[in-house]
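Counting from 0, one number per residue, gives the positions in the sequence shown under numbering that gives the first Met the number 0.
Notes follow the structure.
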Amino acid sequence: MERFEARRAGPAIAGALAAVLVAVLAGTACLEAAPPEQLAPVVVASASDGQVTADLLVRGAAGLSTGRNTIALRLTDDATGAPITAAAITQRWHMAMAPTRHGCPAPDPAGVADEDGLFLGTVVLPMPSAAGAPWGVTLTVVPAQPAGAAEHVLELADLAVAASDRVRLVDGDDGGRYLVTLSFAEGAAANGAPALGDNAYVLTVHTQSGELNYTAVDDATVQAVAEMPAMGHGAAAPPAPAHRADGEYVGAVDLSMPGAWRVTFTLARAGAPLGVVAFDLEL
Ligand SMILES: [Cu+2]
């Protein structure tokens, strides 16, 4: 996974403020213009059990949105103020959607913090938060030191999740229901925009069952097509995305000119077609 870059110096803050100012002045989404690696991680929620504090960070001021989000956790020992740099962490995301509560795909984060003290992870959020239906995440943290350290349960509540156009629900030809999301530039906001040229992307595929339980689909085959519908031409067929882990398929698409693009993915499983999902992109 690409490093979740934390900017510490003043210029990063100034840059972030400038980006926000530009966005306010322009009235547009600055995040679609700023390269993701220039977006500083922002703390979106914190919780403590009196012994350990957990901060949840996402890159960029736009925060969490539907689709695949790269997240980071920062853990601090409350007694000493020292960072915790190794721990077994589980994350259970949940949405209170009356009358039930459901989860979403969220693999366990890394067990060792990066050089910025951040534990990296991802979460695939299928729907935006709404009034009376907030997202939250329950973290269980077992620090690696000292040996036999107690488990800490931390509840991060009332997380805002914005809507994006990067989520599809597909009724598969096999009778299953599939959650498919597309994200660009690992580490970018879930709804981060692609740029002119070659764009790495991550397509996630999960089955959705019962009361919104999700299981990663690791055995799908995916074919990608990129085209400019209004101009009647496509791009050289992008290579088929390759499965990595946790229902993630990684690939790249070359968007060679500005304008409206459509990227279409054809999914199959065990030789049987599942369906087709399309994402419209504006460059
Ligand atoms: Cu929901």
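Every residue gets a Cβ at the ideal spot worked out from N, C-alpha and C, and that includes glycine.
From a predicted model like this one, the values you see are computed outputs, not experimental measurements.
If we ignore side chains and look at the alpha-carbon of each, how far apart do S64 and R165 end up? The alpha-carbon atoms of S64 and R165 are separated by roughly 9 Å.
Got a sec: does ligand 1 put a non-hydrogen atom nearer than 8 Å to the Cβ of L211? Checking every heavy atom of ligand 1 against the Cβ of L211, one is found closer than 8 Å.
For a test of the three-state rule: what should DSSP assign to P228, helix, strand or coil? Looking at P228 - three-state DSSP - the assignment turns out to be helix.
DSSP three-state assignment for D76, whether helix, strand or coil: Correct three-state label for D76: strand.
Which residue marks the beginning of the beta strand (DSSP E) containing G288, and which one marks its end? Within the shown structure, residues of the chain are numbered from 0 to 282, placing residue 288 beyond reach of any answer.
What is the DSSP secondary structure of P125, reduced to helix, strand or coil? Assignment of P125 by DSSP, reduced to helix, strand and coil, places it in the coil class.
Pull up the distance between the alpha-carbon of V275 and that of E226, whole angstroms please. Roughly 15 Å separates the two Cα atoms.
Between A132 and ligand 1, is the CB less than 8 Å from at least one heavy atom? Under cutoff, so the answer is yes.
Compare the C-alpha of P238 against each of V169, V221, G246 and name the closest. Closest in alpha carbon position to P238, among V169, V221, G246, is V221.
Sorted by chain position, which residues of the same chain lie with C-beta nearer than 8 Å to V51's C-beta, five sequence neighbours on each side aside? Same-chain partners within the cutoff: L74, T75, D76, D77, I83, V140, P142, H151, L153.
Got a sec? Which residues, its chain only, sit under 8 Å from L158 by beta carbon, not counting five neighbours each side? Around L158: V43, A44, L55, L63, S128, P133, W134, G135, V136.
With a Cβ-Cβ cutoff of 9 Å, do R176 and P228 count as a contact? The criterion of a C-beta distance shorter than 9 Å is not satisfied by R176 and P228.
Sequence-distant residues of its chain with Cβ nearer than 7 Å to G246 (five each side left out): Counting only residues of its own chain and dropping the five nearest sequence neighbours on each side, G246 has a CB closer than 7 Å to the CB of P104, T203, V204, H205, A215, V216, D217.
Residue environment, R268, which counts as buried when at least 16 other CB atoms sit within 10 Å: Answer is buried; the Cβ neighbour count reaches 16.
With distances taken from CA atoms, which of D173, L117, W92 is nearest A53? The shortest C-alpha separation from A53 is found at L117.
Closest Cα partner of G250 within the set E281, G258, Y200, A271: Proximity to G250 across E281, G258, Y200, A271 peaks at Y200, based on C-alpha coordinates.
Do H232 and ligand 1 come close, with the Cβ less than 8 Å from some heavy atom? Flag unset: Cβ of H232 not near ligand 1.
Can you tell me where the beta strand (DSSP E) holding L195 begins and where it ends? Here L195 belongs to no beta strand (DSSP E), and DSSP marks it neither H nor E.
Using the beta-carbon count (16 or more within 10 Å), is S163 buried or exposed? It is buried - the Cβ of S163 has at least 16 other Cβ atoms within 10 Å.
With M96 as the anchor, note down where its beta strand (DSSP E) starts and where it stops. Note, M96: beta strand (DSSP E), 86-96.
For E114, three-class secondary structure by DSSP: In this structure, E114 counts as coil in the three-state DSSP scheme.
Cut-off 8 Å between Cβ atoms - residues of its own chain near S47, not counting five sequence neighbours on either side: Its chain contains A53, D77, L153 as the residues whose beta carbon lies nearer than 8 Å to that of S47, once the 5 sequence neighbours on both sides are disregarded; these appear in chain order.
Buried or exposed for L72, please, with buried defined as at least 16 other CB atoms from any protein chain shown within 10 angstroms of its CB. By the 10 Å Cβ count, L72 comes out buried.
Is it the case that the CB of H151 approaches a heavy atom of ligand 1 more closely than 8 Å? No, the Cβ of H151 stays beyond 8 Å of every heavy atom of ligand 1.
Helix, strand or coil at A251 according to DSSP, with G and I counted as helix: Collapsing the DSSP output to three states places A251 in a strand.
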